[in-house]
C-alpha cells in the first residue's frame, strides 16, 4: 500500500508543526540535499505547453529515492474559480521501483518555494536585513512572508500588488497569524514598496515578459528574490538589472534557469552561480555590503524531492501513521499478476450475483 | 476532487465488463487514437536507470487531454515477492491543467499491451491464424492469450517457458477462464512451441540481449509478436530475423523503438513502419501469405492515454460513480491559497485541542 497525503492530511500536518516551523524544517532538508548536489540525476523539467498554460513533470533521483512532481501553470484559471498552479508528487524506492508516497503538492509547492527562497536569502542578503518589499500579493505571498519572517528575521513588510484586493487578502491573512513584531505597510506602487527595503521579493503571476522591477528602483546592497519569472517568456526584472556590473546572480540549476528564469533575457551570456556551490561554501554569493544579489528561482525537481522525503517522514512519525491507498497490486504470487486481477473469490462473488 | 481507480476498483470494473471484452474495448479505443496520430505530442519516455531496474515517465497529449504513466521495470523484484513491473497513471484536462483521474496501471499496462498486440496482429498476421506459440509464461502471458483468443480467434496455444512453474500457472489460470474451444499444448522447448504456429508471441522478462527466437525457427508467413524486448539491452529476437529480406517490421513510435525495441539491433538501419500508418491504411503490413511480419512492441505513451480515457469513461458510467480523492485543494477563493491551507475552522479546532 502506498502512503497518501491529501490536502486535508497536509492541513493537519502543517497545523501540528506550525507553518513557520514547517517551512524552516523544509529549508533544512533542502539545504542538506543541495549540499550533496552531485549525487542527483538532474534534468530540466519535461514541459507540455498549450495556448492557456503548461503541464510539467519534474523528476530526480539520488540513486536511493526517486521523485517526480506534476505541476501545471494556468494564469487564467482564477477567472473560473480554479487555482493557477496545482501540483502533486510521488516518492519512490529506486531499489524496487515501488512508489512509497503520493502527496498533494499544491500547498507544498508554495511552502517549499518559500523555504528555498529564504534559504538562499540567508546566504545572499546583507546580514541584519529587516525590511522586505513583497511585490505580487497573490497565492504565494503569505508563504514568502512567513518564511522570511521565520528564517531571516524580517520585521517590516512593504506590500504592493496591481490588484488591491490581493493586498487586502494578504494583510488579512497575516493579521490572523499574529507574527511576532511584524509591521505591514501597504504601498501605492512598486517603487514606493521597494524604496529602502533590504530585500525585494517579486512573486507575480502573468505569463509575459513583465518589468515589475526597473533599474532605477534598485539600491546598492539589495537582495532581489525573483520568484514569479519561471518559464520561457515569463520574467519580472528589467534586463538591465541583470547586467549591473555589481550584480551576483544565483540560480537553482543553471541549464533550467537559462531557459526559464530571469536570465533567459541574457541569451546564454553572463556568469551565474548555482545555489549548491553557495551552500557548500565553494562560492560566495555576496562579497560586499554594496553588491546587488539576485536569487533567480524557477523551481527545481530537487527541492520537491527534499519536500516529499520530509513529508514522508513527518507523516510516518505521526501516531496515526496516515492513510494508504491501493495504487499498486499486492498479489500472493508476483509471477501471477492475472490471478491478482481475477481472484477466485471475486469470481465466485460474480457468479453468485449473476 | 480527482477520480481514483485503485486496484480493487479496477478488479471490479474488469469483472463487470469481462476481461476479454475489456481488452477488446480497449483495443478499439487505442485504434481510434492511433488513427489520429498526428494530433498527439509525442516523445520518447523519460527513463531513470539504476543497476537493478528502470523508472520511467511516459507523457503525451492531444491538446485536449494530457496523460502520463509512471512505470518501473525491476526483473529481480520477484525474488523478494514483489512485482517486476508496477505502474500508475494520470489523465488531466489541458485547458485547466487539473488532473481528472489517478488510476492504477499495473493491471492496465498488461491489459493494454495485450490489446495493442492483438490489434496489430489483426492487421499483420495471416487471415485465419488459429495457432499461437506463447514463449514466456509469466505475468503478462494470460493477457496475451485472452487478447488473441478474443480478437483474432486463436484456438490453439503452444506454451513454453524456461520455468516450468510459470507454464503450470498459465495453464491453471487459462483453465479457470474456460475460453471457448481453446486447446492448450505444453511444449518442451521454444522450437517445439514455435513449430507450425501461425503467430509467435515472445513475452520474456530478463534484462539482457537474449535470443529467444533464432532464425531457423521462423517459418514463412509467421507473425512475430515481440513484447518482452522493451528497453536498451533487452531484446528477444536474433538479429538475423530482423534482417530477413521478406520481414516487415511494425513499431508503435519509431524514435522510441530504435532505442528500446528489437530494432535497436539494427543500429538505425532497415525500414520499419509505424502502426498508425497501417491502421490508417496508408501502408500495408503484409503483402503476401509468405512474408514474415514482426510487431516490435515496446509500449508507448499514446496507448496509456487511450487506456486512461477509456477507464475514466467506464468508471464514470458505473452507477456508483467511483471514488474521489482530495489530491487538489478546492479553496473558496483561488487567489487565497493560504486560507485554504489554514482554514479558520481548523485553527479554532487546534486552539480547542491545545
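Protein chains in written order, with the working numbering: chain A, 21 to 374; chain B, 21 to 374. Note that beta-carbon positions come from the ideal geometry of N, C-alpha and C, so glycine has one too. Bear in mind that the values here come from a model prediction, so they are computed numbers and not experimental data.
Excluding the 5 residues flanking it on each side, residue 232(A) has same chain C-beta neighbours closer than 8 Å at 155, 156, 210, 222, 224, 248, 256 and 257, in chain order. Under the Cβ criterion (8 Å, minimum of three pairs), the segment 338-350 of chain B counts as touching the segment 107-124 of chain A. By the CB criterion at 8 Å, residue 87(A) and residue 325(A) fall inside the cutoff. Within the segment 175-192 of chain B, contact with chain A at the beta-carbon level (separation under 9 Å) is assigned to 183, 185, 186, 189, 190 and 192. The criterion of a C-beta distance shorter than 8 Å is satisfied by residue 262(A) and residue 283(A). Under DSSP, the beta-bridge partners assigned to residue 229(B) are 255(B). Residue burial is scored here from C-beta neighbours: residue 200(B) has fewer than 16 other C-beta atoms within 10 angstroms and is therefore classed as exposed. Under the Cβ criterion of 8 Å, residue 332(B) is not counted among the residues facing chain A.
Listed along chain A, no residue sits closer than 9 Å to residue 275(B) by beta-carbon distance, the nearest being about 15 Å off. Around the beta carbon of residue 41(B), a 10 Å sphere encloses fewer than 16 other beta carbons of the protein chains shown; the residue is thus reported as exposed. In the three-state DSSP reduction, residue 315(B) falls in the strand class (E or B). A distance below 8 Å separates the beta carbons of residue 64(B) and residue 275(B). Three or more beta-carbon pairs drawn from the segment 188-203 of chain A and the segment 165-177 of chain A are found closer than 8 Å, and the two stretches are therefore classed as touching.
Proximity of residue 319(A) to chain B, defined by a Cβ-Cβ separation below 8 Å, is not satisfied.
Of the other Cβ atoms in all chains shown, fewer than 16 fall within 10 Å of the Cβ of residue 228(A); this residue is therefore exposed. For residue 22(A), the beta-bridge partners assigned by DSSP are 345(A). At a cut-off of 8 Å, the C-beta of residue 116(A) has a neighbouring C-beta in chain B.
Nearest Cα to residue 81(A) within the set 113(A), 66(A), 245(A) and 72(A): 113(A). DSSP places residue 193(A) in no beta strand (DSSP E) but in the uninterrupted alpha helix (DSSP H) bounded by 184-197. When C-alpha distances from residue 279(A) are compared across 298(A), 304(A) and 250(A), the shortest belongs to 250(A). For the C-beta of residue 245(A), not a single chain B residue is nearer than 9 Å; the gap to the nearest is close to 18 Å.
Listed along the chain, the chain B residues whose CB falls inside 8 Å of the CB of residue 92(A) are 112, 116, 117 and 118. For residue 207(B), the number of other beta carbons within 10 angstroms of its own is at least 16, and it is reported as buried. DSSP, reduced to helix, strand and coil, places residue 86(A) within a strand of the structure shown. In the DSSP annotation of this structure, residue 94(B) is not part of any alpha helix (DSSP H), being labelled neither H nor E. For residue 37(A), the closest of 361(A), 359(A), 330(A) and 358(A) by C-alpha to C-alpha distance is 330(A). Per DSSP, reduced to three states, the secondary structure at residue 205(B) is strand. Listed by position along chain A, the residues whose Cβ is nearer than 8 Å to that of residue 356(B) are 159, 189 and 193. Nearest Cα to residue 173(A) within the set 214(A), 147(A), 159(A) and 341(A): 147(A).
Note on geometry: alpha-carbon atoms of residue 246(A) and residue 355(B) lie some 20 Å from one another. Within the model, the alpha-carbon separation for residue 96(A) versus residue 315(B) is close to 44 Å. Taking CB atoms only, residue 37(A) has no neighbour in chain B less than 8 Å away. When secondary structure is reduced to three states using DSSP, residue 108(A) falls in the strand class. Comparing alpha-carbon positions, the option among 54(B), 66(B), 338(B) and 161(B) lying closest to residue 299(B) turns out to be 54(B). Contact residues of the segment 68-79 of chain B toward chain A are 68, 70, 72, 73, 74, 75, 77 and 79 (C-beta to C-beta distance below 8 Å). Using beta-carbon distances, residue 130(A) counts as an interface residue toward chain B, with a partner under 8 Å.
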